[in-house]
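S.K.: Below is the structure I would like to discuss, written out as structure tokens.
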Amino acid sequence: MSQTYRLNGKGRIDRSQPLTFTYDGKAYTGYRGDTLASALLANGVKLVGRSFKYHRPRGIMTAGSEEPNALVQLGEGNRTEPNTRATMVELFDGLSASSQNCWPSVKFDLQSINQKFAKLFPAGFYYKTFMFPASWWEPVYEKIIRNAAGLGKSPMERDPDSYAQKFAHCDVLIVGGGPAGLAAALAAGRTGARVILADEQNELGGSLLSDDAQIDGKLALEWVAESLAELEALEDVTVLRRTTVSGYYDYNYLTALERVTDHLGPQDDDSTPRQRFWKIRAKRVVLAQGAIERPLVFADNDRPGIMLASALRTYINRFGVLPGREIVVFTNNDTAYKTALDAKAAGARDVTVVDLRDDPKGALVKAAEDAGIRVFKGYAVVATTGKHAVNACEIAKLGDDNRTIVSDTTALPCDIMAHSNGWNPTVHLWSQARGKLNWDEAQQCFVPGFAGPWKPVSAGSGNGAFALKDCLSQGYATGAAAAKAAGFGSGDVPATPATDDIEYGAMRMVWTVPGKKPLGHGKAKHFHDHQNDVVASDIHLAAREGYISVEHLKRYTTTGMGTDQGKTSNVNALAIMAEIRNAAIPEVGTTTFRPPYTPVTFGAITGQNRNELFLQKRTTPMHKAHLDAGAVFEDVGDWKRPWYFPKGKETMDEAVMRECRQVRESVGMLDASTLGKIDIQGKDSAEFLNWIYTNKWDNLKPGRARYGLMLNEHGMVFDDGVTTRLADDHFHMTTTTGGAARVLGWLEEWSQTEWPKMDVYFTSVTEQWAVCTITGPKSRALLSELTSLDLDPETFPFMAMQEGTVAGAPARVYRISFTGDLAYEINVPARYGLHVWNALREAGRKHDLCLYGTETMHVLRAEKGFIIVGQDTDGTVTPMDLGMNWIVSKKKDDFLGRRSFARSDTAREGRKQLVGLLTQDPNFVLPEGAHVVEDVKPKPPMKTLGHVTSSYYSPNVGRSIALALVANGHNRKGDTLSVPLMSGRVEKVTITDTVFFDKEGTRTNG
Amino acid sequence: MFLVKCPWCGWREQTEFSYGGEAHIARPTGTDEISDQEWGDYIYSRKNTKGVHAERWVHTQGCGRWFNAVRHTVTDVMWDSYKMGEDAPNPPKDWDGLSSRDELEPSEGK
Amino acid sequence: MVDAIHPGVTADTPLTAKTPVQIEGLSITELPFLGKITLRGDAGDKGFADAAKKVLGVALPTAPMSSAQKGSIRVFWKAFDEWLIWTEADGQTKLIADLRAALDGVGKAVVDLSDYYTVIRVSGSLSRDLLTKGCALDLHPRRFTPGQATGTGFHHATIFITLVEGDTFDVMIRWSFADYLWDYFADGAREWSA
Amino acid sequence: MKKYSIFAIARNARNHHQDWERAWRSPDPKPSYDVIIIGGGGHGLATAYYLAKECGITNVAVLEKGWLGGGNTGRNTTIVRSNYLWDESAALYDHAVKLWEGLSDELNYNVMFSQRGLLHLAHNVHDMQEIGRRGNAIYMNGIDSEFLTPEQVKEMVPIINLNCRYPVMGALLQRRGGTARHDAVAWGYARAADSMGVDIIQNCEVTGFKIENGVVKGVETTRGSIGANKVGVVAAGHSSVVAEMAGFRMPLESFPLQAFVSEPMKPIVDCVIMSNAIHAYISQSDKGELVIGGSGDPFISYSQRGSFDQIEHVVGPVIELYPIFSRVRMLRQWGGITDVTVDRSPIITKTPVDNMFFNCGWGTGGFKATPGSGRVFAHSIAQGDMHPIAAPFTMDRFHTGALIDEAAAAAVAH
Ligand SMILES: Cc1cc2nc3c(=O)[nH]c(=O)nc-3n(C[C@H](O)[C@H](O)[C@H](O)COP(=O)(O)OP(=O)(O)OC[C@H]3O[C@@H](n4cnc5c(N)ncnc54)[C@H](O)[C@@H]3O)c2cc1C
Ligand SMILES: NC(=O)c1ccc[n+]([C@@H]2O[C@H](COP(=O)([O-])OP(=O)(O)OC[C@H]3O[C@@H](n4cnc5c(N)ncnc54)[C@H](O)[C@@H]3O)[C@@H](O)[C@H]2O)c1
Ligand SMILES: Cc1cc2nc3c(=O)[nH]c(=O)nc-3n(C[C@H](O)[C@H](O)[C@H](O)COP(=O)(O)O)c2cc1C
Ligand SMILES: [Zn+2]
């Protein structure tokens, strides 16, 4: 038996495309054009889930994205998705879904026991309990809470699908493709403006898809079809279906999620993105989002089969499903009568309207009565019954005070109940855009008020204009105005076609419909937030306890914090609070609307920026050679640098020890291309460097290089490097790898903002040059085989630069050294980097050349006591702290950071200073980060003097070596201190100076 | 994601720029003469204005030039920007922070 | 750097190993080894402007985001005092020498960036769809016209982009980001390659 | 104050929960107070509580311009830890953690402090050096700290992708770290302070000060002027605005910081995980939503929203570290205004105006300090002199150079 509740010949589903799907393991059929919700209802499935807190049976409440109840786990395995709204899932063949938040099954859910104890779980109960004994909180109580937490289950595998992002620009963005949005798009599109029209449904037309309204004497849907045809023919109009505008950010930046293949089901491969995340910069925005029907808050209003009146109407008209036979419509307004009429016309056995109003006068009321529909006037539904779905409601006459019932109750059997408490314009995006809201007293809803800085306009029922005629006219007007504001068209507004609107009578506002017992007494529950199980009595409790601000109310009761963000509940909640406080509704105010409008897939926000494309891997021109040589790489900033080059089965330690020895014995080669390089030109270059570095630069001769330290204005070291004077007005600066961008920014900032008159220009040339550093006693011999340069130390001394060729490529060769051994940094245009590297490697064979990586570089420089900024310094270290007073010029009046030296703390004796450390056990390598103390205590806390910044085993020194920042370290040379480790070991150390190898510095000349 | 107006390249995504903090803070001259207090204020003390704020930006990904701008720090609307060394184009006293100068004085814009 | 380049010296670009993308509506190729030079100076200084024009054959463009072209030389406005010059592959050595000679005393800086960057050409009817997957600029033909050029962002990369004509864009990218950008493009093209 | 417990709930259930008393009164302001606290966030409320509880000063008002806890207290990612680098910071934050450990009991309000453990991931050699140093520093201060291998990380967080763009090389674990229920902290302090006589006054914005001869005498508010012998300002993102009213500046800048949550799911993340190189931090609340944060916008703003690109900058890393969340959805994003100092350490200080004290600069990380901050601030106000734990954090450090630079130590060149 399938689709028992499907109506013959009605609806916009495609009956030629039957589809099979499973729900909770059971197979059903539906049609292309169905949502999962409409297909379930067609099959008579009403119970689809369990509520969050009480595990009450829940069904389908709406037909749109505002759905709070019908959340299902969609799909399986790597494609499973929790909390999917059945009302927004388009049916596809093979779809599988299951209920969530229930165990073992949705029909028999063990945790529904919670209902029995509901009285013990009023709002905020957890703040008052679970405190005794305190030690039980995490192991016992929190475990229980967490077991109950959450709704659906996270996928546990990698997502097989791909996602895309798209930046778009338009003159006018229109959100919502109902009559208002379509009219706006027509008016704007005809001006030639670039228009994007986005609607979250699969079809345009908005509420007209569920309606039989007429435009110009024809079915409105014909007007929709014509309008669409016109729009799609306009070159600069883009119509986006299945696209939810999720966020409205500053300067009319709106995000939208387009579901590209979701309605088709899983795809064979991931070449087509599953979803596309749009980032739209619009000149003007028209919001035509429509309105969301407001539920009535009455006793046990949450049983499956109880739904919004407009939802029922949508199921009947748009999906051709009449999900019940005996229907009660409960309303405070006229619009629900349309539902009653349509249900009747669709063949419902019995349709009854329960109208809160004593004397409703609208034309539709009369029409209903004429159609033979029973109407109870001045009545309220005061109870509902039914275990897994509603089977009856009880009604009674409502007192004038809106709070009491003044008659006996009458039971009305029903298998579907529809209800309506009026409409709330969808003002979410308006509010996200900093727009203000006004309270419309006549229509009892918030409507867009003052527009914020980005000046959106609102049209249609989203603007509180509920008549079709007004939707159309506002659509045309706002579309034309928006286009004009964006520079298109004259602002002339197309004429509004004729419509068949009916006058509606006034509403009767009963924010809490009384039940048979006073609120909070007895078992009945008046839900306003169905998803988070928040009931009217919770609002009373919150008010009683002082949580009367709407923001406290929200947080104390969790109302509006579910996946639906309170689309159906918020206004009811604050209206109830207003009643309790005896305040006007706008005085209570709304909570803050925040993006996204409906939840957005993380994968879509990420788009292509994942896996290999998550973040660039910067590599040098020699990268291929490193791969071939079996390098292990280190991440330095975004760069991949060779860390070490293991041979055979060597461990890292073994490889590094070998590299360290071999460099000092023969020659080693390092790829130093990642060092930051900045070309500096201009007459004032030297003067500028005088400001930037601590030492003097005007006396450096062309062709010569010098080491410099850069300080921030706090007087702390933040970068270092060697800079070479190429000509009087031309320098080549090098920086640390990680500091390259920062240093360039630093130079530009000072030159452009503080000293704009200085004649000095900076250009990053980092990647222009590939750099092969060769170092070790045989480096001169190696280089001499490949170069035209005269390498005689007399003509090419230490700290000099020469231009020539190396391995046939044009090169700048710098004789500078970070190892303390003879060294050449060979810079060639990047295109020759690989060639020159290979040539040196080839020629190096007979010189016993070894390739080495950053780790060996670090050991070798530590042997010489050379610092690494960021390792031996941390932004709190001055040059003096490093023992580098020699580099701080006393002759210059000023340089950046200098003044800070004189501050009391910076000038203080006993600051942490860089020293060498030698362990008592020469084979023991201290862990970096270990702390140095004077007095060892049996256990912490212990007063520390500082920490180990660098620590290695040095094969060249034949023991372990370390650098450390130690309080008053420079005066402690020779002292013995201790390093207590987390393992419990305490190592004695002697303070030394920072140079461990070749103290005389004779090796630089080879 | 607001827009920033580069005096040369025009309105661009804020992400193309880097923020440089409060504008018009000159580095003190004669730093040896000033007190620790004055020096500290120069490095650390900022107006941090809630409202109309003159600040520095650099068009990092575009032309690379530094400039100044006046922005409302509550709405993030940028009134206008101006080149280094120019006087601030101050918005009217009663500026509500809701519209940029280009919107209010379209002829002057661009 | 006037030494002749040795024969047998091999040269690479960061995209040497990549295969061009050629699908219906989209072509992605590298323009390897274009000469690329940064020129700094004061456009208001007649001596400078004239000297530059003499060497380049075309006046330095002074409108933001504009460019000028003469034969194989393209000159882009980069900032009010900065221009980016492209010339034919390997043409930079001579052009730099000429510029240095002509601008001596009037120019502020001439820097060879031929290897700092490479250029990727993206063309075809889908080129805008591809580029807007990561570039926030408005590339609509009414808003970004042939010859216009600017620096901007593409996710983690900074790019310099110009519309050559119609649907053909040239995108300049730093050597160490070229691989990332290329892979991003190639991945982005997959949705049309089926 | 009637005590909360399961028995109280059961008792009240019988009477349909009609008899609960207000958690705090909403009195009109008195003409004057011994101490006025400006700012009804967690820190301000805690200050009032400890003034009343430990310093014997109960004639106290907390003035809040909006609703209690509506500032950063109501918008933070609730991470609590004390594994800070410098001794001064460790002392302050661990003082707070120790108070957290007994807080629910002390306040008779379950703040759901959950010591589920907090991991700092290290993704490169530099990170390893950083956690190595910090782990040892913390250990030497007598605070719990452990290093984990990647395998141990995987055991704690089975869903993590160790081989991400920057592979996980190790981690620093503080088991005593975790999260707490942010709103409950404000409410619990408010209720307890109120019960000792503190007036908690909402919708009362301070608009100016009465200052005579350099001594503060009272405040101007949207609800009239109120006298005070002493004033403690705890206004977080708005500290500069309040300081300006008093005629001086605070070395602060206010930056937007955002956070967001996913839809609620059955718990699968059982600790807090932070990562600097791949910038995102994440935990899962007792309600089931993933609570996620990252870095802030790089410009000052009082807009309490922030830019979407910052959200993208965090979602990307989350997917990189936890690829299984790709199909999970973002439910809500929001922003706060963080008052940031250059050394990323707070300012707890006397000011150029006598009897006026400031407690600010907590920036992106002060929630965890709430009890400790309130307590040392209360004692400092009561004594008229800084509490020893607070003493290093005065504003003088910006002139002497004695910064407590938590920022420099974490983010540096290589
Ligand atoms: C997104 C985000 C994530 C964070 N994550 C963490 C985290 O994981 N862990 C952590 O430890 N910290 C975190 N923080 C920081 C933490 O939230 C704050 O440091 C802390 O909450 C500050 O508390 P507070 O009481 O000082 O400030 P607030 O809670 O901001 O209170 C200040 C109060 O002062 C009021 N006020 C201001 N001006 C006036 C006036 N003129 N008159 C009257 N009242 C006034 C404000 O309305 C506000 O309520 C985060 C912050 C943000 C924004
Ligand atoms: N009280 C009443 O009588 C009453 C109430 C409501 C609606 N109506 C009728 O409904 C129609 C209203 O027309 P309308 O154009 O104002 O609204 P509409 O409901 O017809 O269309 C709004 C459209 O906006 C879309 N939408 C909403 N938020 C979106 C988002 N964030 N992203 C993308 N799309 C989004 C919806 O899917 C919908 O299609 C009229 O015919 C009116 O008479 C009447
Ligand atoms: C730790 C934490 C968890 C949150 N969880 C949720 C949630 O589950 N659902 C929700 O709607 N909002 C949640 N929020 C966000 C709040 O709704 C709100 O956005 C935040 O408190 C900022 O306030 P505002 O948006 O009203 O300005 C959470 C906030 C925090 C700080
Ligand atoms: Zn620019």
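Chains as they are written, first to last, in our numbering: chain A, 1 to 1006; chain B, 1007 to 1116; chain C, 1117 to 1310; chain D, 1311 to 1724.
All residues carry an ideal CB built from backbone N, CA and C; glycine is no exception.
(1) Got a sec, what are the start and stop residues for the beta strand (DSSP E) residue 1557 of chain D sits in?
(2) Count the C-beta pairs between the stretch 1353-1365 of chain D and the stretch 1495-1503 of chain D that are closer than 8 Å, then say yes if the count reaches three, no if not.
(3) Counting contacts by CB-CB distance shorter than 8 Å, is residue 766 of chain A in contact with chain B?
(4) Could I get the ranges of all uninterrupted beta strand (DSSP E) runs contained in the stretch 374-442 of chain A, with 3 residues as the minimum, in chain order?
(5) What residues of chain C sit near residue 1067 of chain B, judged by a beta carbon separation below 7 Å?
(6) Is residue 1181 of chain C close to chain B, meaning its C-beta is less than 8 Å from at least one C-beta of that chain?
(7) Over the uninterrupted beta strand (DSSP E) stretch that includes residue 317 of chain A, give me the two end residues.
(8) What does the alpha-carbon distance come out to for the pair residue 178 of chain A and residue 289 of chain A?
(9) Put residue 1120 of chain C into one of helix, strand or coil per three-state DSSP.
(10) Which residues in chain C sit within 8 Å of residue 1014 of chain B, going by Cβ to Cβ distance?
(11) Could you tell me how far apart the beta carbons of residue 305 of chain A and residue 389 of chain A are, in whole angstroms, since I believe they sit closer than 8 Å?
(12) Rounding to the nearest angstrom, what Cα-Cα distance links residue 572 of chain A and residue 1427 of chain D in this structure?
(13) Along the stretch 255-282 of chain A, what residues have a CB closer than 7 Å to any CB found in chain C?
(14) State the DSSP-derived secondary structure class of residue 616 of chain A, mapped to helix, strand or coil.
(15) With distance defined between alpha-carbon atoms, name the residue in A/285, A/184, A/97 and A/293 nearest to residue 207 of chain A.
(16) Are the C-beta atoms of residue 1056 of chain B and some chain D residue less than 8 Å apart?
(17) Could you check what DSSP says for residue 1209 of chain C in three-state terms: helix, strand or coil?
(18) Going by CA-CA distance only, name the one from A/330, A/312 and A/329 that's closest to residue 323 of chain A.
(19) Is there at least one Cβ from chain D nearer than 8 Å to residue 1059 of chain B's Cβ?
(20) Under 8 Å between C-beta atoms, does residue 1546 of chain D make it to chain A?
(21) Does ligand 4 have even one heavy atom less than 7 Å from the beta-carbon of residue 1071 of chain B?
(22) Could you name each continuous beta strand (DSSP E) segment of 3 residues or more that falls completely within the stretch 18-83 of chain A, going from the start of the chain to the end?
(23) Could you please give the first and the last residue of the uninterrupted beta strand (DSSP E) stretch that includes residue 980 of chain A?
(24) Is residue 1012 of chain B a contact residue of ligand 4, with contact defined as CB to any heavy atom under 7 Å?
(25) Taking a cut of 7 Å between CB atoms, which residues from the stretch 1392-1407 of chain D lie near chain A?
(26) Counting Cβ pairs, one atom from each stretch, are 3 or more of them under 8 Å apart for the stretch 1550-1563 of chain D and the stretch 1064-1081 of chain B?
(27) Which residues, in order along the stretch 595-617 of chain A, keep a beta-carbon less than 7 Å from a beta-carbon of chain D?
(28) What residue from D/1536, D/1543 and D/1618 has the CA that sits closest to residue 256 of chain A's CA?
(29) Do the stretch 1574-1581 of chain D and the stretch 1651-1668 of chain D make contact, defined as three or more Cβ pairs closer than 8 Å?
(30) Residue 1051 of chain B versus chain D: which residues are under 7 Å apart at the beta carbon?
M.R.: This is what the structure gives:
(1) Position 247 of the fourth sequence holds residue 1557 of chain D. No beta strand (DSSP E) holds residue 1557 of chain D; DSSP gives it neither H nor E.
(2) Contact between the stretch 1353-1365 of chain D and the stretch 1495-1503 of chain D is established, with three or more Cβ pairs separated by less than 8 Å.
(3) Start at 1 with the first residue of the first sequence, and residue 766 of chain A comes out as number 766. So no, residue 766 of chain A is outside the interface.
(4) 374-377, 379-385, 392-397, 410-413, 416-420, 423-425 and 437-440
(5) Taking the first residue of the second sequence as 1, we reach residue 1067 of chain B at position 61. Residues of chain C with a Cβ closer than 7 Å to the Cβ of residue 1067 of chain B are, in chain order, 1267, 1268, 1269 and 1274.
(6) Locating residue 1181 of chain C in the third sequence gives position 65, where the first residue counts as 1. Interface residue, yes.
(7) Counting from 1 along the first sequence, the entry for residue 317 of chain A is found at position 317. For residue 317 of chain A, there is no enclosing beta strand (DSSP E); the residue is part of the alpha helix (DSSP H) that begins and ends at 309-317.
(8) As a first step, residue 178 of chain A must be located in the first sequence, where it is residue number 178. As a first step, residue 289 of chain A must be located in the first sequence, where it is residue number 289. Using only the alpha carbons, I get a separation of about 8 Å.
(9) Numbered from 1 along the third sequence, position 4 holds the residue referred to as residue 1120 of chain C. Any answer about residue 1120 of chain C is weak, because its pLDDT of 48 lies below 50 and its placement is not dependable; what the coordinates show is given next. It is coil, neither helix nor strand.
(10) If you number the second sequence from 1, residue 1014 of chain B lands on position 8. Near residue 1014 of chain B (Cβ distances below 8 Å), the residues of chain C are 1180, 1195 and 1196.
(11) Translated into positions along the first sequence, residue 305 of chain A becomes position 305. Translated into positions along the first sequence, residue 389 of chain A becomes position 389. Indeed, because the Cβ distance is near 4 Å, the residues count as touching under 8 Å.
(12) Sequence index remark: in the first sequence, residue 572 of chain A carries index 572 (1-based). Sequence index remark: in the fourth sequence, residue 1427 of chain D carries index 117 (1-based). When rounded, the distance between both Cα atoms is 40 Å.
(13) 271, 272 and 273
(14) The residue labelled residue 616 of chain A in the question sits at position 616 within the first sequence. Coil.
(15) The residue you call residue 207 of chain A lines up with position 207 of the first sequence. If we check each option's Cα against that of residue 207 of chain A, A/293 comes out closest.
(16) For the purposes of this step, residue 1056 of chain B is taken as the residue at position 50 of the second sequence. By this cut-off, residue 1056 of chain B is an interface position.
(17) Locating residue 1209 of chain C in the third sequence gives position 93, where the first residue counts as 1. Looking at residue 1209 of chain C - three-state DSSP - the assignment turns out to be helix.
(18) Translated into positions along the first sequence, residue 323 of chain A becomes position 323. Of A/330, A/312 and A/329, the smallest CA-CA separation from residue 323 of chain A is found for A/312.
(19) Your numbering for residue 1059 of chain B matches position 53 in the second sequence. So, interface residue.
(20) Stepping through the fourth sequence from its first residue, residue 1546 of chain D is reached at position 236. Not flagged as an interface residue toward chain A: residue 1546 of chain D, since no C-beta distance is shorter than 8 Å.
(21) Taking the first residue of the second sequence as 1, we reach residue 1071 of chain B at position 65. The answer is yes for residue 1071 of chain B.
(22) 26-32 and 71-74
(23) Locating residue 980 of chain A in the first sequence gives position 980, where the first residue counts as 1. Residue 980 of chain A -> beta strand (DSSP E) spans 976-980.
(24) Here residue 1012 of chain B refers to the residue found at position 6 when the second sequence is read from its first residue. Taking the Cβ of residue 1012 of chain B as the reference point, at least one heavy atom of ligand 4 falls within a distance shorter than 7 Å.
(25) Along the stretch 1392-1407 of chain D, none of the residues has a CB nearer than 7 Å to a CB of chain A.
(26) Contact between the stretch 1550-1563 of chain D and the stretch 1064-1081 of chain B is absent, because fewer than three Cβ pairs lie under 8 Å.
(27) 595, 596, 599, 600, 601, 602, 603, 605, 606, 609, 610, 614 and 615: these are the residues of the stretch 595-617 of chain A whose beta carbon lies less than 7 Å from some beta carbon of chain D, given in chain order.
(28) As a first step, residue 256 of chain A is located in the first sequence; it is residue number 256 there, counting from the start. Cα-wise, what sits closest to residue 256 of chain A is D/1618.
(29) Contact annotation: the stretch 1574-1581 of chain D does not touch the stretch 1651-1668 of chain D, with fewer than three C-beta pairs closer than 8 Å.
(30) Within the second sequence, residue 1051 of chain B is the residue found at index 45, counting from 1. Correct list: 1559 and 1561.
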